[in-house]
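See below for the structure under consideration.
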Amino acid sequence: MSVLAHPGEATVAGSDRKDLALFYCAESHRLYQTHYAQKLYFTRLARKYGASHQEIADVYGVTEAAVRSMLKRNGGEG
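In the numbering used here, the protein residues as written are 83 to 160.
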């Protein structure tokens, strides 16, 4: 069974499969952007209320440098 398997897949033509795959790519990207925007918002909020870069990094499971980079890349303090 393929990754894009669904009921009636046998009747889905190749170009329809491509369209379906592209739809899921777009949906995945939209969800990523929403998640990233929320992550950035809460990171800025945590910094505003006194959390250190390291404390935030520990919560996200990333390095302190990654948190600083995210903030700097998005117009915040780094």
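Ideal Cβ placement from N, Cα and C applies to all residues, glycine included.
| Query | Result |
| --- | --- |
| Suppose the cutoff is 6 angstroms on Cβ atoms and the five residues either side in sequence are ignored; what does the same chain contact list for LEU127 look like? | none |
| Give the DSSP-derived three-state secondary structure of GLY157 in the structure shown. | coil |
| Classify VAL141: buried if its beta carbon has 16 or more other beta carbons within 10 angstroms, exposed otherwise. | exposed |
| Going by DSSP in three states, ALA131 sits in which element: helix, strand or coil? | Correcting the residue identity first, residue 131 is Tyr in this sequence and not Ala. If DSSP states are grouped into helix, strand and coil, TYR131 belongs with coil. |
| Got a sec? Which residues, its chain only, sit under 8 angstroms from THR145 by beta carbon, not counting five neighbours each side? | ALA139 |
| Do you know how far the Cα of GLU109 is from the Cα of ALA99? | What sits at residue 99 in the sequence shown is Arg, not Ala. The alpha-carbon atoms of ARG99 and GLU109 are separated by roughly 15 angstroms. |
| Please confirm whether MET152 and LEU104 have their CB atoms less than 8 angstroms apart. | no |
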